[in-house]
Amino acid sequence: MLRFRSLTCVPLIVLTTAVGALAQQATSPDLDRKIDDLLQKMTVEEKAGQLTQFAGNTPETLAAVRQGKAGSLLGVLGAQQTNEAQRAAMENSRLKIPLIFGYDVIHGYRTVFPVPIASTGSFDMPLLEQAERVAAKEATASGVKWVFAPMVDIARDPRWGRIVEGIGEDPSLGSRVAAAKVRGFQGKSMADPDSVVACAKHYVAYGAVEGGRDYNTVDISEQLLREVYLPTFRGAVDAGVGTVMSSFNDLNGVPGVANHHTLTDILRDEWKFDGFVVSDWGAVHELLAHGFAVDGAQAALESLTAGVDMDMVDGDYAHIPDLVRSGKLPVGVVDEAVRRVLRVKFRAGLFEHPYSDPNREKTDILTPENLQVARKLAQESLVLLQNTSDILPLSKSKTVAVIGPLADDKASQLGPWAGNGQAKDAVTPLEAVVAKIGKEHVLYAKGVDIPPFEGGLAAGVAAPAPASATGAQGAEDNGKPASINDAVAAANKSDVVLLFVGELAGMTGEASSRSTLDFPGDQLKLINAIVETKKPVVLVIESGRPLDIRWAPKNVAGIIQAWFLGVQAGNAIAEVVFGDASPSGRLAVSWPRSLGSIPTYYNHRNTGRPGSPDRWHTGYLDQSSLPLFPFGYGLTYSKFKYGNLSLKTPVVSTDGVLRVSADIENVGKREATEVVQLYVHDRVGPTSRPVRELKGFERVTLRPGERKSVEFSVKANDLGSYDPQMRWVVPVGTYDVWVAPDSASGIEGTFEVK
Ligand code: BGC
26 MLRFRSLTCV
36 PLIVLTTAVG
46 ALAQQATSPD
56 LDRKIDDLLQ
66 KMTVEEKAGQ
76 LTQFAGNTPE
86 TLAAVRQGKA
96 GSLLGVLGAQ
106 QTNEAQRAAM
116 ENSRLKIPLI
126 FGYDVIHGYR
136 TVFPVPIAST
146 GSFDMPLLEQ
156 AERVAAKEAT
166 ASGVKWVFAP
176 MVDIARDPRW
186 GRIVEGIGED
196 PSLGSRVAAA
206 KVRGFQGKSM
216 ADPDSVVACA
226 KHYVAYGAVE
236 GGRDYNTVDI
246 SEQLLREVYL
256 PTFRGAVDAG
266 VGTVMSSFND
276 LNGVPGVANH
286 HTLTDILRDE
296 WKFDGFVVSD
306 WGAVHELLAH
316 GFAVDGAQAA
326 LESLTAGVDM
336 DMVDGDYAHI
346 PDLVRSGKLP
356 VGVVDEAVRR
366 VLRVKFRAGL
376 FEHPYSDPNR
386 EKTDILTPEN
396 LQVARKLAQE
406 SLVLLQNTSD
416 ILPLSKSKTV
426 AVIGPLADDK
436 ASQLGPWAGN
446 GQAKDAVTPL
456 EAVVAKIGKE
466 HVLYAKGVDI
476 PPFEGGLAAG
486 VAAPAPASAT
496 GAQGAEDNGK
506 PASINDAVAA
516 ANKSDVVLLF
526 VGELAGMTGE
536 ASSRSTLDFP
546 GDQLKLINAI
556 VETKKPVVLV
566 IESGRPLDIR
576 WAPKNVAGII
586 QAWFLGVQAG
596 NAIAEVVFGD
606 ASPSGRLAVS
616 WPRSLGSIPT
626 YYNHRNTGRP
636 GSPDRWHTGY
646 LDQSSLPLFP
656 FGYGLTYSKF
666 KYGNLSLKTP
676 VVSTDGVLRV
686 SADIENVGKR
696 EATEVVQLYV
706 HDRVGPTSRP
716 VRELKGFERV
726 TLRPGERKSV
736 EFSVKANDLG
746 SYDPQMRWVV
756 PVGTYDVWVA
766 PDSASGIEGT
776 FEVK
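For the sequence shown, our numbering gives the first residue as 26, with consecutive numbering after it.
This is the structure:
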């Protein structure tokens, strides 16, 4: 039985939103005519075929292609392989409708870029766009025309493994990143030979899974959905994204793959998205486990009628012909889904150019130019969290101990879900440091291994010991593995230690959530032993999530959060460490103090007893409720002074534009880049408003002594919010405004909206 799950209790939403104007590609009468012609010729089996994606180019999937029972193949790579499969469609199928080849190009195809949580923190939209241009060029050279990216899930819980793939915690930054990535992937036209069709995923609120456990239930208010989790998708849709992928999670009782409210009421009817929606892997059939369908036929019916046009790999859409014949499924619903799929195939130029040019594989992949973009983005993505006594940058004549299990681990530099990336392409920090200062200046010791987690339990993970006198946990344990001795010896012989610790790449990503934020294995013992040598230490953390580093600020001089920076990780780290480049990356997520302080995010609402953020009654008795490092935070090798905040528009009308400026001056000794951020707080709204919301940012590069006036313009409409009836309103009254280096500081003023 067909169930309509639209939330009828939610009133109609006004179409104006905070996120720019619609930029859909117009549907031309010519295109409609071509689609109508094809639809008229198609049998219902062929229609179901266009709505079906299979994995791989096996004899079975190729047979399905010849019979017109497949519209897309996933994970077929290489010009030869994709062209061969395409020939099965173009030469052997009755209607010769081209296949579209899909693949996960989350942070690069072969030239692997920093993981998304890292690159979002670059705040560099042109560079992010350029990186996806490179990814599109490489993917298409390999026959891939459709990428399952950008992943635009907002996440506030670092236990969730996929926080690494996501777009940070801020909807405003995230929606701009989403748009930049879509522009990069799709280029001027999706039909260009070096452009791909992008896919915004996972729609929607996948990042809000309870407890951070992957695929878990999500139960959130409509307001939270609209203000925090939807805007990044809106950013992608407004930028013209060709496709959207529905999410695995159940949202307020309705699985993402069968959610009419999100897929049709919002995506199609409100936002006018006219591309197609694909399910996530096997998610249609998972409706059985969700308790939402009794069998594959009902699962197909629920998904298709909710708004999922293409079924990824589980084959349930093969029930479509029977559903139509039995009268349960109107053929018009099927036609509409096929129309969307064909529209994207036409827009992608597949009918004119179904094949890829095999020569491009030799010329377009892993080129020096591509690697240069990866190196620049890696430099801009790492975050300098602490630099006591200006320990960094290091002099190149020092003797440096390079220590730790991640210093020379090629695979982990790439991070999880690294497309077609290969470990051998990665430059490790050890290799790059040796290349930069010479072998004679470098002492290397791995110290400890990071044991993989097995069966949900951390094999070999020592029970966290209480904090030691120095603060580094594990200090009391005398049973140090022998190799730590080598590491201690190396530290003792050096002037300074670069300590590379964190997680293996596989410890974040899909189905890789964690119940703690600890350093796996014996790494804390290693850290503690190195700290006890009293040598100056620069901690370089490679991980896909913020880890618990409460002990670090007092015990080490420098802290760099390197995330997983991709093929050029080592070079980027060495360039920053030795001062060839100044760091400029910022945190795209707030850094929680400990596991117990999850969730920590900057754009929270006030309590009725806000007081000072550290007052006992607003947080915990045993620790501050502030993040260890706030969203937007990151240091560089110079100092910037903020002054002369000027409200050019002290009073703004609800249809006007807010204009704010401030002077930013480089008062340090080196050229450096500052990410200047604009935050706003609506003091009184129809619902309680977040204490701060990011409304603008600009990367500003200044020489020592140089000063620049940075001006922000924000449409008053973008200061609005949803009222309890879910209508978008721009509240009148007083607003606070900050021009700031991060979400917890800055120079402050006020303005009125009238
Ligand atoms: C993931 C998606 C991915 C798909 C295809 C799923 O398991 O959730 O992000 O695009 O597989 O590889």
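Backbone N, C-alpha and C fix where the C-beta goes; we use that ideal spot for every residue, glycine too. Please read all numbers here as calculations on a predicted model, not as lab measurements.
Once DSSP output is grouped into helix, strand and coil, what is the label at residue i?
i, result
"residue 404", "helix"
"residue 259", "helix"
"residue 720", "strand"
"residue 80", "strand"
"residue 766", "coil"
"residue 210", "helix"
"residue 430", "coil"
"residue 777", "strand"
"residue 688", "strand"
"residue 575", "coil"
"residue 714", "coil"
"residue 275", "strand"
"residue 102", "coil"
"residue 516", "helix"
"residue 445", "coil"
"residue 66", "helix"
"residue 759", "strand"
"residue 300", "coil"
"residue 11", "Absent from the structure is residue 11, since the part of the chain shown begins at 26 and ends at 779."
"residue 732", "strand"
"residue 750", "coil"
"residue 485", "Interpretation of residue 485 is limited by its pLDDT of 37, a score under 50 that renders its predicted location unreliable; the figure taken from the coordinates is listed afterwards. In the structure shown, residue 485 sits in coil (DSSP, three-state: anything other than H, G, I, E or B)."
"residue 528", "coil"
"residue 280", "strand"
"residue 558", "coil"
Out of the options, state which residue places its alpha-carbon closest to the alpha-carbon of residue i.
i, options, result
"residue 664", "96, 57, 692 and 686", "692"
"residue 321", "676, 332 and 309", "309"
"residue 120", "131, 92, 581 and 350", "92"
"residue 166", "672, 217, 565 and 553", "217"
"residue 620", "602, 645 and 605", "645"
"residue 59", "101, 364, 306 and 756", "364"
"residue 564", "525, 510, 536 and 353", "525"
"residue 662", "100, 427, 600 and 442", "600"
"residue 519", "465, 478, 615 and 267", "465"
"residue 358", "770, 531, 342 and 522", "342"
"residue 300", "311, 306 and 288", "288"
"residue 428", "514, 131 and 617", "514"
"residue 311", "298, 336, 292 and 296", "336"
"residue 368", "85, 615 and 124", "124"
"residue 239", "175, 293, 540 and 142", "540"
"residue 97", "681, 654 and 110", "110"
"residue 743", "750, 510, 292 and 755", "755"
"residue 191", "588, 716 and 374", "588"
"residue 557", "107, 579, 347 and 736", "579"
"residue 90", "550, 673, 54 and 112", "112"
"residue 570", "194, 460, 333 and 259", "194"
"residue 647", "622, 593 and 615", "622"
Our contact map puts residue i next to residue j with C-beta atoms below 8 Å; I'd like the distance itself, whole angstroms only.
i, j, result
"residue 256", "residue 591", "No, residue 256 and residue 591 are not in contact; Cβ-Cβ is about 27 Å, not under 8 Å."
"residue 147", "residue 409", "Between residue 409 and residue 147 the Cβ distance is about 13 Å, and since that is not below 8 Å, they are no contact."
"residue 533", "residue 186", "5 Å"
"residue 585", "residue 566", "7 Å"
"residue 521", "residue 667", "Rounded, the Cβ-Cβ distance is 32 Å, inconsistent with contact."
"residue 234", "residue 277", "Actually they do not touch by this definition, with Cβ atoms about 13 Å apart."
"residue 472", "residue 416", "The pair is not a contact, with the Cβ atoms about 20 Å apart (cut-off 8 Å)."
Between residue i and chain E, is any beta-carbon pair separated by less than 8 Å?
i, result
"residue 87", "Reference to chain E is not applicable here, since this structure consists of a single protein chain."
At what residue ranges does the segment 112–188 contain a whole run of the beta strand (DSSP E), taking only runs of 3 or more?
Here the runs fully enclosed are 125–128.
Please list, following the chain, all residues that have a C-beta closer than 5 Å to any non-hydrogen atom of ligand 3.
Annotation note on ligand 3: not contained in the displayed structure, which lists ligand 1 as its ligands.
Curious, which full-length alpha helix (DSSP H) runs of at least 4 residues does the segment 620–672 contain?
If we require 4 residues or more, the segment 620–672 turns out to have no alpha helix (DSSP H) run fully inside it.
Runs of alpha helix (DSSP H) lying entirely within the segment 580–621, each at least 4 residues, in chain order
Counting whole runs of 4 or more residues, the segment 580–621 contains the alpha helix (DSSP H) stretches 594–602.
For the segment 336–407, list the beta strand (DSSP E) runs that are entirely contained and at least 3 residues long, ordered along the chain.
Listed in chain order, there is nothing to give.
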